[in-house]
Amino acid sequence: MQAHLKINWLTRFMKKIILLIVVIIVAAVAWYFWRDYQRPNADLKNATPDITIKATDFIAAFETDTASANKQYVDKIMEVTGNVKSIDAEENPVVIALGDGGQMSSVQCSMDSTYAALYKNVKEGDVLTVKGLCTGGKTEELFGTDAILNRCVVVKKN
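Residue numbers for the sequence shown follow numbering that gives the first Met the number 0, beginning at 0 and rising by one.
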């Protein structure tokens, strides 16, 4: 009988230990994901660009070889200069398209609303230099090629 009590006590103790380990693991995973979710985006205004390029050259890289351009530019801080083709202020965030007016292709710059004062007075036809994080590019037969920058800030307006 005493052996049976020892085994029963040991079994209950092991179940409690296993439950405690599971609770600790779940808490650690939850904390990690919460911390990662709360992590702010890097402020690109004062960041040093990895690559400085003209909008037409940036677009051409994606038109020539999208896979290679994605490898070269994705997750890089880009400083891109080009003509303002259009401004879509209806979107949130505001999207400014850079490129040649006669072409379907463009650099789509999703602007950082924190720095709205910097792009408030931008008009179509202006020459603009923006800095943003490249998230890739895509080519569509009917709509041309779009290189995409996110969290963009205006560096200068020429």
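Even glycine gets a Cβ: it sits at the ideal position worked out from N, Cα and C.
task: In angstroms with no decimal places, state the Cα-to-Cα distance between residue 78 and residue 137.
output: Taking the straight line from one Cα to the other gives about 19 Å.
- prompt: With 16 other CB atoms within 10 Å as the buried threshold, where does residue 11 fall?
  reply: By the neighbour-count rule (16 or more Cβ atoms within 10 Å), residue 11 is not buried but exposed.
- prompt: Based on the DSSP output, what are the partners of residue 130 in its beta bridges?
  reply: Residue 130 is bridged by DSSP to 78, 152.
- prompt: On the three-state DSSP scale, how would you describe residue 110?
  reply: In the three-state scheme derived from DSSP, where H, G and I count as helix and E and B as strand, residue 110 is classed as strand.
task: Give the secondary structure of residue 145 by DSSP, where H, G and I count as helix, E and B as strand, and everything else as coil.
output: Note: residue 145 maps to strand in three-state DSSP.
Delimiting residues of the beta strand (DSSP E) encompassing residue 51: Following the DSSP letters along the chain, one finds residue 51 inside the beta strand (DSSP E) bounded by residues 50-53.
- request: Give me whichever residues DSSP pairs with residue 136 in a beta bridge.
  value: In the DSSP secondary-structure assignment, residue 136 is bridged to 146.
- prompt: Whose C-beta lies closer than 6 Å to the C-beta of residue 158 among residues of the same chain, with five residues either side of it excluded?
  reply: Residue 158 is absent from the structure shown; the chain starts at 0 and stops at 157.
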